[in-house]
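S.K.: Numbering (the numbering used here), first residue to last: 2 to 186.
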Amino acid sequence: IKKLKTTDQLDEYLTVQNQLSQIGSLKSDQNVYSRLMDYLEELNPAAPDNVLLSTVEVTSESGSEGSSGDTISIKLSGSTASYRSLGVFEMTLSLAQLSFSASEGGDVETENLFTKVQTDSSALSTSDGVSFSITVECNGAAFAYDSSDIKLSVPTTKTSDSDRSAPKNVFDNSATSTTDSRGAN
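1) Could you work out which residue in Gly130, Pro49, Asn113 and Val109 is closest to Cys139 when comparing CA atoms only?
2) Reducing DSSP to helix, strand and coil, say where Ala97 ends up.
3) Give me the residue from Phe90, Thr136 and Glu110 with the minimum Cα distance to Ser122.
4) Go through the region 126-152 residue by residue and report every complete run of the beta strand (DSSP E) that reaches 3 residues or more, in order.
5) In this structure, how does DSSP classify Asp50 when only helix, strand and coil are distinguished?
6) Determine the DSSP secondary structure at Glu105, reduced to helix, strand or coil.
7) Given this structure, state the Cα-to-Cα distance separating Val109 from Gly79, to the nearest angstrom.
8) Roughly how many angstroms separate the alpha carbons of Asp50 and Phe115, rounded to a whole number?
9) Assuming Leu94 contacts Leu44 under a Cβ cut-off of 8 angstroms, what Cβ separation, rounded to an integer in Å, is found between them?
10) Return the bridge partner residues of Glu91 from the DSSP annotation.
11) Buried or exposed: where does Glu91 fall if 16 or more other Cβ atoms within 10 Å of its Cβ makes it buried?
12) Could you tell me the distance, in whole angstroms, from the CA atom of Asp181 to the CA atom of Glu105?
13) Comparing alpha-carbon positions, which option in Ala97, Ser148 and Phe144 lies nearest Thr157?
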C-alpha cells in the first residue's frame, strides 16, 4: 500500500474499483425496453382490425421523491382500415393485463398493462384508411428490471364499444358469429 500511495495512479484504481462495485445497482435501476416489441406484437389485433404502426416514441420521466418509479409514456402513431378497427385497438390497449412477479420466486400479480390510454388524434385518409396517434402510460412493472415471469393477456371478448352495445337484429333469427380482437370466432 505504501508503494501504491507513492504512485499517482492509486486514485484511478480506487475509482475504477468503486465504479465496478456499483454496476449491479445501476443495472437494476434500468428499464428493459426490449420487451416493448413483444408487447406491441401481442397487442396488435388480428385482421381485419390490425394496425400498422409507423412511429413508436417512448419517454420516461423519473418519479418524484416518494413515488413508485418512473412514468413511462408511449406514443403510437399509425394507420388502420377503419374507425371500427381503431376502436378495437383502443379497447385492446385498455383491457390488456400484465402478469408478473416483482421478485424471484415472489407472488404473481396481475394488473392493467396501461394506466392511461388516450387517443390524441384520428383522421380519415383516402390512402391509409384511418390514421391515428395514441398515447399510453405504462405500468412500471412492464419494463422493470426485477420483474420476472411476465405474461401479457389480451382480451378474448368483443373489444369494440359498438360490438358490445349493438342491439341484436330483431328480424334475423339465425345465429351470428362474432370475432374477438385476436380473430377467433
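Beta carbons: idealized from backbone N, C-alpha and C, even for Gly.
M.R.: Walking through what the data contain:
1) For the purposes of this step, residue 139 is taken as the residue at position 138 of the sequence shown. Minimum Cα distance to Cys139 is reached at Asn113.
2) What you label residue 97 is simply residue 96 of the sequence shown in a count that begins at 1. Coil.
3) Position 121 of the sequence shown, counted from the first residue, corresponds to residue 122. Comparing Cα-Cα distances from Ser122 to each of Phe90, Thr136 and Glu110, the minimum goes to Thr136.
4) 130-139
5) Start at 1 with the first residue of the sequence shown, and residue 50 comes out as number 49. Asp50 falls in the coil class under three-state DSSP.
6) For the purposes of this step, residue 105 is taken as residue 104 along the sequence shown, with counting starting at 1. Coil, per DSSP.
7) Counting from 1 along the sequence shown, the entry for residue 109 is found at position 108. Counting from 1 along the sequence shown, the entry for residue 79 is found at position 78. C-alpha separation (whole angstroms): 34 angstroms.
8) Locating residue 50 in the sequence shown gives position 49, where the first residue counts as 1. Locating residue 115 in the sequence shown gives position 114, where the first residue counts as 1. C-alpha separation (whole angstroms): 20 angstroms.
9) Stepping through the sequence shown from its first residue, residue 94 is reached at position 93. Stepping through the sequence shown from its first residue, residue 44 is reached at position 43. Sure, about 6 angstroms apart at Cβ, within 8 angstroms.
10) For the purposes of this step, residue 91 is taken as the residue at position 90 of the sequence shown. Answer is none; Glu91 lacks a bridge partner.
11) As a first step, residue 91 must be located in the sequence shown, where it is residue number 90. Answer is buried; the Cβ neighbour count reaches 16.
12) Position 180 of the sequence shown, counting from 1, holds the residue named residue 181. Position 104 of the sequence shown, counting from 1, holds the residue named residue 105. For Asp181, the predicted model reports a pLDDT of 47, less than 50, meaning its position is unreliable and no value from the coordinates is stated.
13) Here the question's residue 157 lines up with position 156 in the sequence shown. The candidate whose alpha carbon is nearest that of Thr157 is Ala97.
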